[in-house]
Ligand SMILES: *Cc1c(COP(=O)(O)O)cnc(C)c1O
């Protein structure tokens, strides 16, 4: 059976990238590596739409979230954390692990944070050092407006730190223009790579905070990573094969163009939402991200059974996390996804729903998706 991957990490890895990763390993202190890594770093700046350096860490995405906390903050600092999903909560857990005092804004799951709420908190507590938020909250499918958040945080001295682990490569993200001080992504999301790399870019203001930071760190010390980067190297042995794959993935991103990539994600997400509604199901998020569609299921459809039924047709989708477990399914549009992936998923979803006894006329979802994509 042919397998089709529709999870918001990991995502499908293109053949062009897979073949590169199969090449014989090169030494990470060789000139050949340095040339390859220099090209990768230029490509990362393009992907991140930043003039600042993008640092590559050999960790999953969470490693770069942790790097942001331990490099920007100091003992006893105060942080404002936007929760409202598993990944927003993770920012809070990371801060608390290192003794940072957290003030949380609890946003109902599926909703975006109101930028004014962030400003109110910052005004009420001007010692808050940094605001931690998420661009696309992968557990709820909600999109936060980072540009608007940047505008209010800029009225204060606080740093703005964004988990864009699924946002980057799917949604417009202009960290320099929007005043984002630290932005993070990971390899197995929009970058079309296997898991194992994480990336973080810091603003000049953020680098000043790094110099003052006294939280404990060794492997995740970004100052060391920055010094090595100036020599096109990593402080420790990096995941060389993943970096070789990354070079190919970044070349594909440049060939397509970042604006076109954002537009492709928007179209596939819109088509999927249309298909889902035509099948009589709902969309969980109020302000849905184009990274993934979280399908709100009626009480008579068990989300876990639906994931299993789709698996029977070769489709891997994600179930709901925490309080959404069994109530939704999560369908990714992230990375190497085109019109025909979206159409096949719509067709597969119809069949799986019918198998579970949901009365959906064959072709209604598929046709709604096709109208968006071909229209
Ligand atoms: C996947 C994801 C993470 C976690 O990344 P890992 O690679 O699993 O550590 C964090 N934040 C968001 C928004 C994600 O989608």
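In our numbering, the protein residues as written are 3 to 377.
For each residue, glycine too, the CB sits at the ideal point set by N, CA and C.
Restricting attention to alpha helix (DSSP H) runs no shorter than 4 residues, the region 209-258 encloses them at 224-231 and 242-258, ordered along the chain. In this structure, residue 334 has its beta carbon at no less than 7 Å from each heavy atom of ligand 1.
Scanning 31, 375, 309 and 354 for the CA closest to the CA of residue 341 turns up 375.
The beta carbon of residue 83 is closer than 6 Å to those of 93, 94, 104, 106 and 134 in its chain, skipping five residues each way along the sequence.
At a cut-off of 3 residues, the continuous stretches assigned as beta strand (DSSP E) that sit fully inside the region 68-112 are 80-84 and 103-107.
For residue 52, there is no enclosing beta strand (DSSP E), since its DSSP letter is neither H nor E. Under a 10 Å Cβ-count criterion, residue 300 is classified as exposed, with fewer than 16 other Cβ atoms of the shown protein chains found around its own Cβ.
CA-to-CA, the gap between residue 96 and residue 25 works out to about 37 Å. In terms of side-chain proximity, the C-beta atom of residue 147 is found no nearer than 7 Å to any non-hydrogen atom of ligand 1. Taking 8 Å as the cut-off, the beta carbon of residue 249 is found no closer than this to the beta carbon of residue 23. DSSP places residue 16 in the coil class of the three-state scheme, outside both helix and strand. At least one heavy atom of ligand 1 lies less than 7 Å from the C-beta of residue 136. In the three-state reduction of the DSSP assignment, residue 8 falls in the coil class, being assigned neither a helical nor a strand state. Residue 331 and residue 351 have their C-alpha atoms roughly 11 Å apart. Residue 139 sits in a strand when the DSSP states are folded into three classes. Boundaries around residue 295 are those of the beta strand (DSSP E), 294-298, since no alpha helix (DSSP H) includes it. Under the three-pair Cβ rule at 8 Å, the region 288-305 counts as touching the region 143-151. Closest option to residue 215, judged by alpha-carbon separation, among 73, 4 and 36: 73. With the rule of 3 Cβ pairs closer than 8 Å, the region 264-277 does not count as touching the region 146-157. Placement of the Cβ of residue 321 at a distance of 7 Å or more from every heavy atom of ligand 1 is found.
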